[in-house]
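Visitor: Protein chains in written order, with our numbering: chain A, 235 to 456; chain B, 235 to 456. Questions regarding the structure given below will be posed in turn.
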DNA sequence: TATTGTATGTTTGATTTCCAACAAGGAGAA
DNA sequence: TTCTCCTTGTTGGAAATCAAACATACAATA
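Here it is in structure tokens:
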């Protein structure tokens with residue numbers, strides 16, 4: 235297990251924990267390591283699971299198939315990423331499958347063990363639970379924000395919603411965003427070209443100025 | 235506190251707990267009750283908080299203001315609903331405000347107390363933590379689903395994505411949905427009229443039949 | 001039965017977005 | 001410098017969506 239500490243140290247679940255504490259917890263929740271060859275299934279849609287997975291080496295793909303058999307890759311989990319925690323925590327039927335992208339090593343953590351204080355009342359357990367709740371609620375905040383922006387009907391409103399929230403979040407009318415144009419368009423679920431055009435309009439109307447990923451909003455048209 | 239047990243029994247956080255267990259937990263996490271008159275703030279955007287709120291009587295509004303002062307009501311919390319748990323759990327700056335809609339009574343729960351096993355090692359605590367994680371991860375699953383559907387570019391693809399997932403979830407090509415047409419359109423972020431038209435097309439193409447909120451999908455065109 | 005209200009389907013012109021291609025500008029490499 | 005490559009901005013025709021009507025069907029009620 236020790237060989238993977240360099241990975242585990244940087245996992246949000248284990249934030250703020252020392253190496254020996256991590257090892258103690260892994261032991262206390264009876265964590266197991268499995269090896270999966272490329273293209274083999276780790277979770278299959280329709281299953282339930284009480285363990286979550288954490289990629290120690292290799293990578294996995296989260297895929298979803300619709301009724302007509304169209305296969306859709308939802309995301310890729312690289313070393314240090316975890317998956318299945320939502321279904322494990324909720325005892326829900328998986329509507330996604332997880333397959334090894336290449337030969338991979340996966341750490342399996344039983345979520346019920348994680349959530350139960352261990353017999354020896356292991357003190358780091360509380361930290362872990364706190365981290366878990368933090369990770370989950372942070373994810374909800376991120377998703378909520380995205381939905382707030384993307385549910386606006388026009389490209390213009392999506393842009394203004396996003397830029398306004400970034401400005402408020404960063405506490406300044408002048409701020410950088412973490413996206414280039416293509417990424418911003420993908421995030422807002424619009425066409426890059428249409429978005430660029432809309433940005434130009436907003437500039438002409440004096441609502442903002444922008445250079446690359448730097449934006450400045452104006453409260454009133456100049 | 236006892237007078238509110240009828241409310242608390244039905245809150246997902248307290249699912250599976252008996253009345254006396256609920257009372258024990260409230261005591262053990264040092265829960266407090268506050269009264270708020272109509273239109274007064276409970277949380278203000280920009281604040282941080284380590285407590286979450288639960289509506290015992292009355293109701294609250296979750297509101298958000300953008301940079302230009304446009305006020306947007308995001309949701310309403312009725313008796314038994316809770317709010318602020320995401321920010322409390324994550325120690326995040328609030329980007330929403332919560333105001334009392336009418337004169338209201340609010341139960342404040344300190345999330346750090348909830349997440350720490352109490353000195354007396356109160357056994358119901360584990361159940362509570364488990365419930366909390368369940369509630370959060372379930373919410374993520376719901377949001378993920380919505381984003382999956384709404385991020386499709388056309389009304390047709392949004393419909394098919396949603397209907398396919400519902401069909402798979404309910405394990406049948408013949409199923410009911412919990413929305414009427416207007417609600418479905420709102421959920422998918424499209425126009426009701428355009429959606430109705432698209433449904434008609436899909437019918438003509440033999441991909442599905444529908445009556446009201448009942449749908450039957452066809453794997454191949456008839 | 002007649003009346004009313006509600007949900008759903010249809011239509012149409014205006015508007016917006018999509019798609020594809022190209023243009024402009026800058027950064028880095030040869 | 002010159003030549004790429006990459007990002008961003010611009011444009012025009014095709015396609016989709018929006019908004020606002022109106023039509024239809026059905027249920028509930030008197």
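C-beta: ideal position from N, C-alpha, C; glycine also. Nothing here was measured: the structure is a model prediction, and the numbers come from that model.
Counting pairs of Cβ atoms below 8 Å between the segment 269-285 of chain B and the segment 243-255 of chain B, do you hit three or more?
Guide: They do not touch, by the three-pair rule.
Visitor: Report the rounded CA-to-CA distance for residue 367/A versus residue 367/B, giving the unit in angstroms.
Guide: In a straight line, the C-alpha of residue 367/A is about 6 Å away from that of residue 367/B.
Visitor: Compare the C-beta of residue 388/B with all C-beta atoms of chain A and state if any pair is closer than 8 Å.
Guide: No - not a single Cβ of chain A is within 8 Å of the one on residue 388/B.
Visitor: Run through the DSSP bridge pairs and tell me what residue 305/A is partnered with.
Guide: According to DSSP, which records beta bridges pairwise, residue 305/A is partnered with 299/A.
Visitor: In whole angstroms, what is the alpha-carbon distance linking residue 336/B and residue 314/B?
Guide: Going by the C-alpha atoms only, they are around 15 Å apart.
Visitor: Going along the segment 356-373 of chain B in order, which residues come within less than 7 Å of chain A, judged by CB to CB distance?
Guide: Answer in chain order: 360, 363, 364, 366, 367, 368, 370, 371, 372, 373.
Visitor: Does DSSP put residue 439/A in a helix, a strand or coil?
Guide: Residue 439/A falls in the coil class under three-state DSSP.
Visitor: Relative to the alpha-carbon of residue 271/B, which residue among 260/B, 265/B, 291/B, 253/B has its alpha-carbon at the smallest distance?
Guide: Checking every option, the nearest Cα to that of residue 271/B belongs to 291/B.
Visitor: Go through its chain and collect everything with a Cβ distance to residue 396/A's Cβ below 7 Å, but skip five positions before and after it.
Guide: Closer than 7 Å at the Cβ level, and outside the excluded window around residue 396/A, lie 383, 422.
Visitor: Under 8 Å by Cβ, that's how I've got residue 411/A and residue 447/A pegged, so tell me the actual separation to the nearest angstrom.
Guide: That pair is a contact at about 5 Å.
Visitor: How do the segment 357-366 of chain B and the segment 296-303 of chain B stand: do at least 3 beta-carbon pairs fall below 8 Å, yes or no?
Guide: Flag = no, the segment 357-366 of chain B and the segment 296-303 of chain B do not touch.
Visitor: Report the start-end ranges of each beta strand (DSSP E) in the segment 326-385 of chain B that is 3 residues or longer and not cut off at the edges.
Guide: Correct list: 331-334, 338-344.
Visitor: Can residue 284/B and residue 344/B be called in contact, C-beta distance under 8 Å?
Guide: Yes, the Cβ-Cβ distance between residue 284/B and residue 344/B is below 8 Å.
Visitor: Which residues in the same chain as residue 308/B place their Cβ atom closer than 7 Å to its Cβ, once the five residues preceding and following it in sequence are excluded?
Guide: 296, 297, 298, 330, listed in sequence order.
Visitor: From the DSSP output, in three-state form, read off residue 408/B for me.
Guide: If DSSP states are grouped into helix, strand and coil, residue 408/B belongs with the strands.
Visitor: Leaving aside the five residues before and after residue 419/A along the sequence, list all residues of the same chain whose C-beta is less than 6 Å from its C-beta, in chain order.
Guide: Excluding sequence neighbours, residue 419/A sits near 426, 429.
Visitor: Excluding the 5 residues preceding and the 5 following residue 432/B in the sequence, name in chain order all residues of the same chain whose CB lies nearer than 7 Å to its CB.
Guide: Correct list, in chain order: 389, 390, 393.
Visitor: Short of 8 Å in beta carbon distance, which residues of its chain neighbour residue 306/A, apart from the five on each side in sequence? Order them along the chain.
Guide: Same-chain partners within the cutoff: 297, 298, 299, 300.
Visitor: Cβ closer than 8 Å: which chain B residues qualify as neighbours of residue 319/A?
Guide: Per Cβ cutoff of 8 Å: 371.
Visitor: Kindly say whether residue 257/A, judged by its beta-carbon, lies nearer than 8 Å to any beta-carbon of chain B.
Guide: Not an interface residue.
Visitor: Could you pull the start and end residues of the beta strand (DSSP E) that residue 451/B belongs to?
Guide: Segment 448-451, the beta strand (DSSP E) holding residue 451/B.
Visitor: When the cut-off is 8 Å and only beta carbons count, does residue 324/B lie next to chain A?
Guide: Closer than 8 Å to some Cβ of chain A, the Cβ of residue 324/B qualifies, so yes.
Visitor: Does the beta-carbon of residue 294/B have 16 or more other beta-carbons within 10 angstroms, so that it is buried, or is it exposed?
Guide: Buried is the call here.
Visitor: Quick check: what's the CA-CA separation for residue 261/B versus residue 349/A?
Guide: Each residue's Cα considered, the two are about 21 Å apart.
Visitor: Identify the contact partners of residue 403/A in chain B, using a Cβ-Cβ distance below 9 Å as the criterion.
Guide: Ordered by position in chain B, the residues that pass the 9 Å Cβ test against residue 403/A are 327, 329.
Visitor: Do residue 374/B and residue 377/A have their CB atoms nearer than 8 Å?
Guide: In contact: residue 374/B and residue 377/A (Cβ atoms closer than 8 Å).
Visitor: Let me see if you follow: with CB-CB separation under 8 Å, is residue 244/B close to chain A or not?
Guide: So, not an interface residue.
Visitor: Kindly indicate which residue of 417/B, 288/B, 424/B, 379/B has the alpha-carbon position closest to the one of residue 387/A.
Guide: For the residues 417/B, 288/B, 424/B, 379/B, the minimum Cα distance to residue 387/A belongs to 424/B.
Visitor: Is residue 391/A close to chain B, meaning its C-beta is less than 8 Å from at least one C-beta of that chain?
Guide: Residue 391/A does not count as touching chain B.
Visitor: Using a Cβ cut-off of 9 Å, pull out every chain A residue sitting near residue 399/B, in sequence order please.
Guide: Within 9 Å Cβ-Cβ: 298, 300, 301, 329.
Visitor: Alpha carbon to alpha carbon, what distance is there between residue 257/A and residue 235/A?
Guide: Each residue's alpha carbon lies about 8 Å from the other.
Visitor: Anyone know if the C-beta pair for residue 342/A and residue 268/A falls short of 8 Å?
Guide: Taking 8 Å as the Cβ cut-off, residue 342/A and residue 268/A qualify as a contacting pair.
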